[in-house]
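There are 2 protein chains.
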Amino acid sequence: MPCVRWLDPDEQRTWRSFLTATRLLFYQLDHELQRDAGMPHGYYEILVRLSEATDCTLRMSELADATLSSRSRLSHAVQRLEESGLVVRRSCPSDGRGALATLTSQGIAALRAAAPGHVAGVRAHLFDQLGPGQAMQLREICEAIIAHLDIRSAGGPA
Amino acid sequence: MPCVRWLDPDEQRTWRSFLTATRLLFYQLDHELQRDAGMPHGYYEILVRLSEATDCTLRMSELADATLSSRSRLSHAVQRLEESGLVVRRSCPSDGRGALATLTSQGIAALRAAAPGHVAGVRAHLFDQLGPGQAMQLREICEAIIAHLDIRSAGGPA
DNA sequence: GTAAGGTAGTCTAACGCTCAACTAGATGGA
DNA sequence: TCCATCTAGTTGAGCGTTAGACTACCTTAC
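Set out below in C-alpha cells:
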C-alpha cells in the first residue's frame, strides 16, 4: 500500500489542497466562460491582452509572452479567433517576419460581453472566499513562485 | 485601450500573479515528469491514488473522484495506462456495471521511479520558495476555495 | 416479472495543446 | 556579396481532454 515515499504530512496536505483548489477554480471559471461566452479561458486572455494594448494591437511574440503561451499555441489560437472574426492578423511593416494581431470591433464586443460575468466569477469563487489579508498573502506566495520559476525558464515556455 | 472594466488594481495584480504562478508551476512540474517518467501529471496522479488504495485497486468511479477527473477522461487515461502495462482493468465482482483498476508491478515500479524526482520538484519549485508560515497560509486559502466550490459542483466535475 | 429510471463505464468526434519540422525574413561576418 | 546563423511565425501530426451519445447493469415500484 505505501508504495512510495512522499512529502511530509503537512506538505502533502497543502500540496493536495493546492492541486484541488486550482483545479476546481479553473475548471469552474473555464466552464462559466465557455457557457457564457463560448470560448475557453486561454482565448479570453488573448482578447484581454489585445484590449490593453495601444490600438488593440500586438506583435504575435509579445502576445505569446503576455499570455505565457508557446508561439505555436498562440498561432493556433489566433487562427481560431480570426476565423471567428474576433481578431485580424496582418504582417508587420517594420519587420517582414513579424505579424501583428488586432482586436476587431467584434472582438471588443465579445470581450465586453464576456468580461463582467468572468470578473464576477473570479470574485465569487476566489476573492469573496478569502478573509482579510489572505488576498495579499496569496499574492506574495504567487510572486515568490514566479520569482523562482521565471528565471529558470527565462521568459516562459518556449 | 481600456475596452473593459476589470478587477480593482490590487485584485487584478493578485489574480494575474495567481494565473502566472500556477501556470509556470504546473508547466514546470509537468515537463519534468514528462521528461523523467514519460507521463503527464494527470497520469502520475492516477498511479499515486491507486498506490494508496488497498491492494492497489480502486473502482473507476472512486478513482475518478479521487483525481477530480470526469469519467470519460479517466476511462481514456486508464486505457492508455493499460496499454503501457502500468494498470489492469477487470470487471467488479459485486457490481456488474463496475470496473476495477489495479496497479501492476510494472506500474508500481514506474511510480517508484518517478516519485522521488517529482517530489523534489514540488519542494524545489514550491515549498522551498515559501517563507515560514506561507505554506500554512496557502493551505488555508486553498481550503477556503475548495469549501466554496466543492458544494456547488457536489463531488467535482461531471 | 417487468417497465422506468438511475448509475457505471465506454466510445466517438471535436477541440486545444505540444512538439518538431518548416518557411521566410533579418543579421553578422568574411 | 554571399553564406551561415538567428529569429518570427506557421504548419501538421499526435496526444489528452471534453461533451455527449451509447451500452450494460442495477434498483425501485407497480
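Going down the list, the sequences are from chains H and W.
Just so you know, our numbering puts the end of the first sequence at 158, numbered straight through with nothing missing.
Just so you know, our numbering puts the end of the second sequence at 316, numbered straight through with nothing missing.
Every residue gets a Cβ at the ideal spot worked out from N, C-alpha and C, and that includes glycine.
Taking each of W/Asp286, W/Ser233 and W/Asp168 in turn and checking the Cα distance to W/Gly256, the smallest one comes out for W/Ser233.
A contact between stretches requires three or more CB pairs, one per stretch, nearer than 8 Å, and the segment 51 to 60 of chain H meets this requirement with the segment 100 to 111 of chain H. By the criterion of a C-beta distance shorter than 7 Å, H/Gln34 is surrounded in its chain by Pro40, once the five residues flanking it on both sides are discounted. In the DSSP assignment, H/Ala64 falls outside any beta strand (DSSP E) and within the unbroken alpha helix (DSSP H) covering Met60 to Ala66. In this structure, H/Leu24 lies away from W/Ile204, with their beta-carbon atoms at least 8 Å apart. At a beta-carbon threshold of 9 Å, none of the residues of chain H lie near W/Thr260; the nearest stands roughly 12 Å away.
CA-CA distance, W/Glu301 to H/Ala21, rounds to 7 Å. If you draw a straight line from the Cα of H/Val78 to the Cα of W/Ala224, it comes to about 35 Å. Counting only residues of its own chain and dropping the five nearest sequence neighbours on each side, W/His283 has a CB closer than 8 Å to the CB of Leu183, Gln186 and Leu187.
Secondary structure of H/Ala53 (DSSP, three-state): coil. Within chain H, the residues whose beta carbon sits less than 7 Å from that of W/Thr172 are Ala135, Leu138 and Arg139, listed in sequence order. Annotated as proximal: W/Arg247 and W/Leu258, with beta-carbon spacing under 8 Å.
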